[in-house]
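What follows is a short report on a single structure.
In my numbering, the protein residues as written are 45 to 385.
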């Protein structure tokens, strides 16, 4: 018989995902980098995808961030987000993640789908001078990849800021333009539903709030709130009640294949546990004590990091001169081939 599991709500605010969407030169990246100076923030990670000014924004007054390096492949970009999410902030602080820009993230995933479609066409002898049609299964794979990306961001221990490009596009009904226009974030069409807050700069530094999911801050009737040039991420977080006591989201990604999923709060707790475990292992100086932690390293999914700690322990032991008359034994870490669970 299935057991019903329940708990009482905490009333705590969750770490928000904030989209700063704007026209070219709108100030979206500048506003994101300004937030790195907040007292709340311990470490800020700046993930640049398809953009090129990550170093230059260090000129923003008070900025304090680290550029996340990657080789441009989706695998390494996603792995970088997971790695950043596993970094625990200092006591009483939060970390900050900036993705510049989520428009280019979706462009990359779309380009990957197009490349796969072209490869399929060539294999079937249909390759021509143009691009092949992207089939629904490839679009679904791209959306799943974006879901993985957002899932990793939800487990991040602090606020997440996504910059995006904003376009004024024609409204089309029944395949025909109506003559009206609307402002649209250039990204996967469902992305706005995943955001906690959306700020739009339809003119440089003229900020407009178009979405807010908060019990402390709501939009007025009409669905938009003008903030103007005075907008800062810091003021927004304060109004939302975001503090160091804020928790991870309770979101659990639906699992169509039946694989159990963790809530983001549980994933964040597990990441903290893994980080604390590795820090404890780094303090060990005895081979046998380290080997006793092998099972825990596997359980927490940090076996490779545990092996590296063991290698450094061995190197340090080899470098130490032996005392006169005392035999030196070099510790060895059990590798995958020798290990027993």
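The beta carbon of each residue, even a glycine, is placed where N, CA and C say it ideally should be. Predicted model only: the values in this text are computed from it and were never measured.
If you check the beta carbons only, do residue 138 and residue 203 fall under 8 Å apart?
Yes, the pair counts as a contact, with Cβ atoms nearer than the cut-off.
How many Å lie between residue 229 and residue 318 at the Cα?
Their backbone Cα atoms lie some 37 Å apart in a straight line.
What are the start and end residues of each continuous alpha helix (DSSP H) run of 4 or more residues lying completely inside the region 60–94, in chain order?
With a minimum length of 4 residues, the continuous alpha helix (DSSP H) runs that stay inside the region 60–94 are 72–78.
When the Cα of residue 209 is compared with those of 247, 336 and 133, which residue comes out closest?
For the residues 247, 336 and 133, the minimum Cα distance to residue 209 belongs to 247.
Pick helix, strand or coil for residue 46, following the three-state DSSP scheme.
Here residue 46 sits in coil by DSSP.
In its own chain, which residues sit with a C-beta less than 6 Å from the C-beta of residue 106, not counting the 5 before and 5 after it?
So the qualifying residues of the chain are 81.
Tell me which same chain residues have a C-beta within less than 8 Å of the C-beta of residue 135, skipping the five on either side of it?
None.
Have a look at residue 71 and residue 298 and give me their C-alpha separation to the nearest angstrom.
Looking at the two C-alpha atoms, the distance is approximately 35 Å.
Using the beta-carbon count (16 or more within 10 Å), is residue 68 buried or exposed?
Classification for residue 68: exposed.
How close, in whole Å, do the beta carbons of residue 85 and residue 140 come, if the pair is a contact with beta carbons under 8 Å?
The pair is a contact, with the Cβ atoms about 5 Å apart (cut-off 8 Å).
Would residue 281 be called buried (16 or more neighbouring beta carbons within 10 Å of its own) or exposed?
Classification of residue 281: buried, given that the 10 Å Cβ count is 16 or more.
For residue 271 and residue 145, I'd like the C-alpha separation in whole angstroms.
Each residue's Cα considered, the two are about 22 Å apart.
To which residues of the same chain is residue 74 closer than 8 Å at the C-beta, ignoring the five residues directly before and after it?
Excluding sequence neighbours, residue 74 sits near 101 and 104.
Is the Cβ-Cβ distance between residue 276 and residue 267 less than 8 Å?
Cβ distance not < 8 Å, so residue 276 and residue 267 don't count as in contact.
Quick check on the DSSP output: what are the complete alpha helix (DSSP H) runs of length 4 or more inside the region 257–291, in order along the chain?
List check, alpha helix (DSSP H) in window: 277–284.
Just how far apart, CA to CA, sit residue 99 and residue 131?
If I take the Cα positions, the gap works out to 22 Å.
Strictly by DSSP, which residues pair up with residue 227?
Beta-bridge pairing links residue 227 to 212.
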